[in-house]
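One structure is given below, encoded as structure tokens.
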Amino acid sequence: MNTPYRLHYAPDNASLVIRLALEEMCLPYETVLVDRRQSAQDSPEYRALNPNGLIPVLETPQGPIFETAAILLWLADTHGRLAPTPMDSNRAAFLKWLFFASNTLHSDLRILFYAEKYIDAAQVNPLRAGIRPRLRQHLRLLDDVAKSAPSWLSPDIPSVLSYYLACQMRWMALYPAKADRSWFQIADTPHLQRMLMQLETRPATRAAIAAEGLGVTPFTSPTYANPPEGFAT
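Per this note's numbering, the sequence shown starts with residue -18, numbered consecutively.
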């Protein structure tokens, strides 16, 4: 590698969160498109990096890392940025909500987006209808946390968690494209909305917009990505 990091990405996928973190930390990195039209995520070369065939992978001097939250936490700890340090009194609270975002919110989003992978095709719509109230409750909990504006979930100080949530809320507004999405209204979570508005002004977000064709308001009023390479789904 010509840089310390190589991000294997697809536009508007979970790799977007990692791109935003790298940009916010001003870290040099290079990117490799994982062409999902060609099922590149299933190639032997990619599976050698991530045997699960999921995006993203970040190649580092310590080897490749997969799982979005693992990459975010490793970057934050390695560079002492965008998260409370291990000795910070806020560390425990930050960790529980980071893993809530990963293990609970993101997992439920995958069921919403890819319901056909979890259940018979005839039950896809009922499954999605059942998962939406759970997602709304997750967002209410997170909005209550954001209301108290801790340093790691504040409109004034970006963190790996705030960028992670911003991307997840973007996807809620857009996907699945042919399903009912009226259940999600950003105004229902005003404290998270304020945070997303501030993130949209960050240079890191502007860089990601240019790299992945995200549109001018990618978090608060998102449109489908029109990337210069690859495709978003």
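C-beta: ideal position from N, C-alpha, C; glycine also.
Checklist line | Residue ranges of each alpha helix (DSSP H) within the region 16 to 77, 4 or longer | finding: 25 to 30, 49 to 60
Checklist line | For Ala57, the nearest candidate out of Asn84, Phe212, Asp101, Ser143 (CA to CA) | finding: Along the sequence shown, one-based indexing puts residue 57 at 76. Nearest C-alpha to Ala57: Ser143.
Notebook entry, point to check: Mind checking whether Ser(-4) and Ala64 have CB atoms under 8 Å apart?
Noted result: Here residue -4 is taken as the residue at index 15 of the sequence shown, counted from 1. Here residue 64 is taken as the residue at index 83 of the sequence shown, counted from 1. Not in contact: Ser(-4) and Ala64 (Cβ atoms no closer than 8 Å).
Margin query: Helix, strand or coil for Tyr(-14)? Go by DSSP, reduced to three states.
Written below: On the sequence shown, residue -14 is found 5 positions in, with the first residue counted as 1. Three-state result, Tyr(-14): strand.
Next item on the list: Measure the alpha-carbon distance for Ala185 versus Ala192 and round it to whole angstroms.
Entry: As a first step, residue 185 is located in the sequence shown; it is residue number 204 there, counting from the start. As a first step, residue 192 is located in the sequence shown; it is residue number 211 there, counting from the start. When rounded, the distance between both Cα atoms is 11 Å.
Notebook entry, point to check: Cβ atoms of Leu39 and Pro32: under 8 Å apart, would you say?
Noted result: Here residue 32 is taken as the residue at index 51 of the sequence shown, counted from 1. Here residue 39 is taken as the residue at index 58 of the sequence shown, counted from 1. Contact flag unset, no.
Item checked: Asn207 to Arg117 span [Cα, whole Å] -> Numbered from 1 along the sequence shown, position 226 holds the residue referred to as residue 207. Numbered from 1 along the sequence shown, position 136 holds the residue referred to as residue 117. Taking the straight line joining both Cα atoms gives about 28 Å.
Check: Quick one, which of Thr59, Pro42, Glu26, Ser135 has its alpha-carbon nearest Phe75's?
Finding: To locate residue 75, count along the sequence shown from 1; it is residue 94. Ranking Thr59, Pro42, Glu26, Ser135 by Cα distance to Phe75 puts Ser135 first.
Next item on the list: Following the continuous beta strand (DSSP E) through Glu11, name the residue where it begins and the one where it ends.
Entry: The count along the sequence shown starts at 1 and reaches residue 11 at position 30. Unbroken beta strand (DSSP E) run through Glu11: 10 to 14.
Note to self: I'd like the list of long-range same chain contacts for Phe47, defined as Cβ closer than 6 Å, with 5 residues on each side in sequence excluded.
What the structure shows: Working through the sequence shown from its first residue, we reach residue 47 at position 66. Same-chain partners within the cutoff: Asn31, Val38.
Check: When you compare each of Val13, Leu120, Leu195 to Asn85 by their alpha carbons, which one comes out closest?
Finding: By one-based count along the sequence shown, residue 85 stands at place 104. The identity of residue 85 in the sequence shown is Thr, whereas the question assumes Asn. Ranking Val13, Leu120, Leu195 by Cα distance to Thr85 puts Leu120 first.
Check: Taking just the CA atoms, how far does Pro209 sit from Phe80?
Finding: Here residue 80 is taken as the residue at index 99 of the sequence shown, counted from 1. Here residue 209 is taken as the residue at index 228 of the sequence shown, counted from 1. So the two alpha carbons sit approximately 32 Å from each other.
Notebook entry, point to check: Is the distance from the Cβ of Leu35 to the Cβ of Val(-2) below 8 Å?
Noted result: Residue 35 sits at position 54 when you count from the first residue of the sequence shown. Residue -2 sits at position 17 when you count from the first residue of the sequence shown. In this structure, Val(-2) does not lie closer than 8 Å to Leu35 by Cβ.
Notebook entry, point to check: Any heavy atom of the ligand NAP closer than 7 Å to the Cβ of Pro42?
Noted result: With respect to the ligand NAP, the structure shown offers nothing to examine, as it has no ligands at all.
Notebook entry, point to check: Gly196 by DSSP, collapsed to three states: which one?
Noted result: Taking the sequence shown and counting its residues from 1, one reaches residue 196 at position 215. Gly196: coil per DSSP, three-state reduction.
Notebook entry, point to check: Going along the chain, which unbroken runs of the alpha helix (DSSP H) with 4 or more residues stay wholly within the region 131 to 179?
Noted result: 141 to 155
Check: Mind checking Ser20: buried by the 16 CB within 10 Å criterion, or exposed?
Finding: Numbered from 1 along the sequence shown, position 39 holds the residue referred to as residue 20. So Ser20 ends up on the exposed side.
Next item on the list: Could you check which residue in Glu11, Arg72, Arg91 has the C-alpha nearest to that of Arg(-13)?
Entry: Stepping through the sequence shown from its first residue, residue -13 is reached at position 6. The shortest Cα separation from Arg(-13) among Glu11, Arg72, Arg91 belongs to Glu11.
Checklist line | Pairwise C-alpha distance: Ala147 and Ser88 | finding: Here residue 88 refers to the residue found at position 107 when the sequence shown is read from its first residue. Here residue 147 refers to the residue found at position 166 when the sequence shown is read from its first residue. Each residue's Cα considered, the two are about 16 Å apart.
Next item on the list: Would you please state the rounded distance, in angstroms, between the beta carbons of Thr214 and Arg17? I believe it to be under 8 Å.
Entry: Position 233 of the sequence shown holds residue 214. Position 36 of the sequence shown holds residue 17. With a Cβ gap of about 7 Å, Thr214 and Arg17 count as contacting.
Note to self: For Trp78 and Gly211, what's the separation of their Cα atoms in angstroms?
What the structure shows: Against the sequence shown, residue 78 aligns to sequence position 97. Against the sequence shown, residue 211 aligns to sequence position 230. Near 32 Å, if we compare the C-alpha coordinates of Gly211 and Trp78.
Check: By DSSP, does Ala191 sit in helix, in strand, or in coil?
Finding: The count along the sequence shown starts at 1 and reaches residue 191 at position 210. Helix at Ala191.
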